[in-house]
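Numbering (my numbering), first residue to last: 4 to 256.
Structure follows, in structure tokens:
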């Protein structure tokens with residue numbers, strides 16, 4: 004593994020994430036502990052995220068007008084969390100991050116700003132007649148999907164190409180309806196990939212590659228209700244580790 008690649012990847016996936024990924028779908032449970040995580044690959048992953056957002060933000064960020072208020076609320080919520088986390092210094096106009104970077108707080112582009120602060124990706128889901136609709140997202144590390152095809156769509160259409168979702172679709176919608184302020188929920192998944200790239204988009208029309216490969220990719224996914232807008236935030240923390248030593252094997256879930 005090259006030095007650059009090894010800096011971006013985890014040596015292993017945390018045991019609690021692997022255990023959560025093994026739960027039957029949808030596998031949701033109350034979150035106990037921290038919402039946001041900073042780990043040993045923070046510096047390398049943040050350098051990649053900031054480069055992507057600077058080079059082509061339109062590829063990894065989208066925000067529809069109905070989601071602007073929720074995006075600003077989410078930024079304030081994250082800043083409040085970071086102000087209490089080691090390694091961060093939050094002021095009115097900038098954030099000093101654990102890797103030494105200083106990120107300017109541009110509230111005209113709240114999701115772009117968020118994408119430069121933490122390793123998590125964020126999707127904002129606002130309630131609508133067809134269920135919760137993706138009103139905005141910063142998605143630097145997609146796992147076989149593209150933001151352009153999902154923005155503005157409800158949960159059912161977002162997961163349309165995923166056969167495993169159909170039997171639990173109604174339960175997932177009830178989870179989004181029922182998640183309460185201050186009581187976040189979380190789940191995890193696991194997938195085997197031959198390509199360790201963190202940015203791994205796939206269009207719906209493209210063939211689905213069979214599971215298998217040398218890298219275990221897991222996502223720690225948290226559902227959080229915003230107090231003012233009442234939107235649900237779906238955050239995604241991505242772990243990619245070599246299967247050898249990753250802690251477990253797994254199929255494409």
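We put the beta carbon where it would ideally sit given N, CA and C, even for glycine.
Computed from a prediction, not measured in an experiment: that's the story for all the values here.
Spatial neighbours of residue 101 within its chain, please: C-beta separation below 8 Å, excluding the five flanking residues on both sides.
The residue labelled residue 101 in the question sits at position 98 within the chain shown. So the qualifying residues of the chain are 41, 45, 46, 89, 90 and 91.
Report the option in 86, 174 and 77 whose CA atom is closest to the CA atom of residue 126.
Taking the first residue of the chain shown as position 1, residue 126 is located at position 123. Measuring from the Cα of residue 126, the nearest candidate turns out to be 77.
Going by other Cβ atoms of all chains shown within 10 Å of its Cβ, with 16 needed for buried, is residue 94 buried or exposed?
On the chain shown, residue 94 is found 91 positions in, with the first residue counted as 1. So residue 94 ends up on the exposed side.
Could you please give me the residues that DSSP links to residue 240 through a beta bridge?
The sequence position of residue 240 within the chain shown is 237, counting from 1. Residue 240 pairs with 223.
Contact between the stretch 214-234 and the stretch 179-199 is defined here as three or more beta-carbon pairs at a separation below 8 Å; is this criterion met?
yes
In this structure, how does DSSP classify residue 137 when only helix, strand and coil are distinguished?
Against the chain shown, residue 137 aligns to sequence position 134. Three-state DSSP puts residue 137 in a strand.
Going by DSSP in three states, residue 65 sits in which element: helix, strand or coil?
Against the chain shown, residue 65 aligns to sequence position 62. Three-state result, residue 65: strand.
Note down, in chain order, each residue of its chain lying with its Cβ closer than 6 Å to the Cβ of residue 55, except the 5 sequence neighbours on either side.
On the chain shown, position 52 is the one that residue 55 refers to. Around residue 55: 63 and 143.
Spatial neighbours of residue 184 in its chain, beta-carbon cut-off 8 Å, leaving aside the 5 residues before and after:
Translated into the one-based positions of the chain shown, residue 184 becomes position 181. Cβ neighbours of residue 184 beyond the five flanking positions: 228, 229 and 230.
Checking 8 Å against the spacing of the C-beta atoms, do residue 179 and residue 158 come in under that value?
Here residue 179 is taken as the residue at index 176 of the chain shown, counted from 1. Here residue 158 is taken as the residue at index 155 of the chain shown, counted from 1. Against a cut-off of 8 Å, the Cβ pair of residue 158 and residue 179 comes out as a contact.
Based on the DSSP output, what are the partners of residue 105 in its beta bridges?
Position 102 of the chain shown, counting from 1, holds the residue named residue 105. Its beta-bridge partners are 99.
Mapping DSSP to helix, strand and coil, what is residue 124?
Numbered from 1 along the chain shown, position 121 holds the residue referred to as residue 124. Note: residue 124 maps to strand in three-state DSSP.
Give a yes or no on whether the C-beta atoms belonging to residue 29 and residue 175 are separated by under 8 Å.
Counting from one through the chain shown, the residue named residue 29 turns up at place 26. Counting from one through the chain shown, the residue named residue 175 turns up at place 172. For residue 29 and residue 175, yes; Cβs fall inside 8 Å.
Skipping 5 residues on each side, what residues in its chain have a beta carbon closer than 7 Å to that of residue 60?
Numbered from its first residue, the chain shown carries residue 60 at position 57. If we look at residue 60 and ignore the five residues flanking it on each side, its Cβ neighbours are 115.
Note down the Cα distance separating residue 233 from residue 129, rounded to an integer number of angstroms.
Along the chain shown, read from residue 1 onward, the residue named residue 233 stands at position 230. Along the chain shown, read from residue 1 onward, the residue named residue 129 stands at position 126. Straight-line Cα distance between these residues: approximately 8 Å.
Nearest by alpha-carbon distance to residue 193: which of 152, 147 and 153 is it?
In the chain shown, counting from the first residue as 1, residue 193 sits at position 190. Comparing Cα positions, the closest option is 147.
What do you get for residue 18, buried or exposed, if any count of 16 or more other CB atoms within 10 angstroms of its CB means buried?
The residue labelled residue 18 in the question sits at position 15 within the chain shown. With fewer than 16 other Cβ atoms within 10 Å, it is exposed.
Apart from the five residues on each side of it in sequence, which residues of its chain come closer than 6 Å, Cβ to Cβ, to residue 20?
For the purposes of this step, residue 20 is taken as the residue at position 17 of the chain shown. Result list for residue 20: 191, 221 and 223, in chain order.
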